[in-house]
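Numbering (the numbering used here), first residue to last: 99 to 264.
All remarks here apply to the structure that follows.
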Amino acid sequence: MTVLKYLQAYPQTLQDQVRQLIERDQLGSYLSERYPQRHAVQSDKALYAYALELKQEHLRNAPSFDKVLFDNRLDLTHRALGLHTTISRVQGGKLKAKRELRVASLFKEAAPEFLKMIVVHELAHLKESDHNKAFYKLCEYMQPDYHQLEFDLRVYLTWRDMQAGR
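What follows is the structure, given as structure tokens:
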């Protein structure tokens with residue numbers, strides 16, 4: 099039986115459906131049918147503008163961020179697809195906090211829905227630091243199909259691992 103490391107928290111019936119797609123060698127075609135588009139956000143500058151637009155649309159009162167970038171050091175071995183950090187620096191006699199959002203570089207090649215999901219996730223951390231009910235409610239507010247996209251992203255990561263193993 100194929101171990102689905104990204105889907106272990108999901109019900110067995112969903113895992114079995116994914117396994118059937120794998121056995122029939124249809125997982126890639128399922129994903130490309132469901133997510134045929136690729137996005138144009140390829141630079142850190144474009145990612146910053148993209149995140150800022152989402153923030154302005156949904157989180158006007160949330161703290162702003164200073165930097166947004168694609169990070170090739172973020173990967174699945176560190177169990178992080180995105181990262182939000184606050185770095186405190188002393189400037190003169192004051193303590194300044196710089197907020198950064200980092201998105202794994204693998205999202206340069208992903209579907210636009212997956213990029214939006216990960217950016218929404220990191221933006222939600224501006225208001226809610228923990229993965230609690232309020233956090234996921236905020237994610238759903240910004241992207242109503244958030245939970246489905248999170249599941250499909252995990253299926254996509256499973257497919258990527260299979261491609262790397264070939």
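By construction, the Cβ of each residue, glycine as well, lies at the ideal position given by its N, Cα and C atoms.
The model shown is predicted, which means the values in this text are computed figures rather than measured ones.
(message) Here's a check: name, in chain order, each residue in its chain whose Cβ is nearer than 6 Å to the Cβ of Asn-170, leaving out the five neighbours to either side.
(response) Ser-203
(message) Tell me the residue span of the beta strand (DSSP E) that contains Ser-186.
(response) 180–189
(request) Entirely within the region 124–175 and at least 4 residues each: give me those alpha helix (DSSP H) ranges in chain order. (result) 125–132 and 142–156
(message) If I measure Cβ to Cβ from Thr-175 and keep anything under 7 Å in the same chain, skipping five residues before and after, which residues do I get?
(response) Low confidence applies to Thr-175: its pLDDT is 48, below 50, so where it sits in the model is not reliable, and the reading given next is rough at best. Within the same chain, Thr-175 has no close Cβ partners at all.
(request) Using beta-carbon positions only, say whether Arg-197 and Phe-233 come within less than 9 Å of one another. (result) no
(request) Hey, could you find the ends of the alpha helix (DSSP H) Ala-232 is sitting in? (result) 231–240
(message) What does the alpha-carbon distance come out to for the pair Lys-225 and Arg-122?
(response) 43 Å
(request) Let me know the secondary structure DSSP gives Val-201 once reduced to three states. (result) strand
(message) Closer than 8 Å is the cut-off here; do at least three beta carbon pairs connect the region 145–154 with the region 185–192?
(response) no
(request) Report yes if the CB atom of Ala-209 is closer than 9 Å to the CB atom of Tyr-146, and no otherwise. (result) no
(message) I'd like to know whether the C-beta atoms of Leu-179 and Glu-211 end up nearer to each other than 9 Å.
(response) no
(request) Enumerate in chain order the residues of its own chain whose CB-to-CB distance from Ile-216 is below 7 Å, with the five nearest sequence positions on each side excluded. (result) Leu-179, Gly-180, Val-201 and Phe-205
(request) Kindly indicate which residue of Gln-261, Asp-259 and Arg-252 has the alpha-carbon position closest to the one of Gln-113. (result) Arg-252
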